[in-house]
Amino acid sequence: MKSLLEKWVRRRNPHFALHPRVSSAVLLGFGFQTALSLLRGGQLWLRGRASGGAMLGQGVRFQYLGLIRFGKFLKTGDNVRFSGLGTDGLTLGDNVSIGAFSQVIVSTSLSEPGRFIRVGSRVGIGEFAYLGGGGGLSIGDDCIIGQYFSCHPENHRHAEFDTLIRLQGVVRQGISIGANCWIGSKVTVLDGVTIGAGCVVAAGAVVTRPVPAGCVVAGVPARIIAYREPAETAAAELVNALA
């Protein structure tokens, strides 16, 4: 039974291996929950979409499904909401995992719809995340992201003191996160930020400016505290990013 389960899970995660102390009872419970999630994913056929082996939690919602594209083996927790309303919609790669109670919303406005959200393959995002797509959001392959992550690729204008802030419009520059990043829990990324590939962002950081590849950043606002690659290379990339 264990070998069959390993073979099945490795279709989604080739590196998966059961711990030797996992009991048969636990395996049965896992199998039952997985079967239910596959059945919920299969209901996408009723809306004219192939499920691609999607495993969905309870209460998952897809709004503007015609603007949403997803790859194989999408996995979500309970009460996740996807909205594809935007000029270029929502795209999820293969083997994407989104934690419970997360919101993945390109836009909510019909008068000024947002641009896009693009999430690469093999990306895992923890519970209670908020991903917006106003100015465009892209997340590269193989990123691992903790709980309460939030991305806000737009910012409100506020320069005119005598005009209500809500009437001054927004600025949208977009957010780009490179491949193979580890982003801790409760991280916030603000509009205009580019995070290079292979970065580590410490828990609780607020990222307000570009981060070159291979850096470790922490704090509010986030600053570089270490390099995962030679400092000379990272420093050159920082100069280029700020040029």
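Numbering (this note's numbering), first residue to last: -14 to 228. Each residue gets a CB set at the ideal place from its N, CA and C atoms; glycine is no exception. All of these numbers come straight from a predicted model, not from anything done at the bench.
| query | result |
| --- | --- |
| Do isoleucine 168 and glycine 131 come within 8 Å of each other at the CB atom, strictly closer than that value? | yes |
| Who does tryptophan 167 pair with in a DSSP beta bridge? | Ile129 and Val185 |
| So, is leucine 41 buried or exposed, given that buried needs 16 or more other C-beta atoms within 10 angstroms? | buried |
| Distance, Cα to Cα, serine 36 vs valine 205? | 41 Å |
| I need the boundaries of the alpha helix (DSSP H) containing leucine 12, first residue and last residue. | 9 to 27 |
| Do the segment 43 to 61 and the segment 78 to 97 make contact, defined as three or more Cβ pairs closer than 8 Å? | yes |
| Consult DSSP for lysine -8 and reduce its assignment to one of helix, strand or coil. | helix |
| According to the Cβ coordinates, are glycine 154 and glycine 125 closer than 8 Å? | no |
| Alpha carbon to alpha carbon, how far is proline 197 from arginine 142? | 27 Å |
| With a cut-off of 8 Å on the beta carbons, I'd call arginine 100 and aspartate 73 a contact; round off their distance for me. | 6 Å |
| Assign aspartate 147 to one of two classes, buried (16 or more other C-beta atoms within 10 Å of its C-beta) or exposed (fewer than that). | exposed |
| Let me know if glycine 51 comes out buried or exposed under the rule of 16 or more other beta-carbons within 10 Å of its beta-carbon. | exposed |
| Please name the residue or residues paired with histidine 137 in a DSSP beta bridge. | Leu175 |
| Taking tyrosine 115 as part of the beta strand (DSSP E), name the residues at either end of that continuous run. | 115 to 117 |
| Locate the beta strand (DSSP E) running through arginine 32, then write down its first and last residues. | Arginine 32 -> no beta strand (DSSP E), and no H or E assigned at all. |
| Pick helix, strand or coil for leucine 41, following the three-state DSSP scheme. | coil |
| Sort Ile150, Arg157 and Arg151 by Cα distance to asparagine 140 and report the nearest one. | Arg157 |
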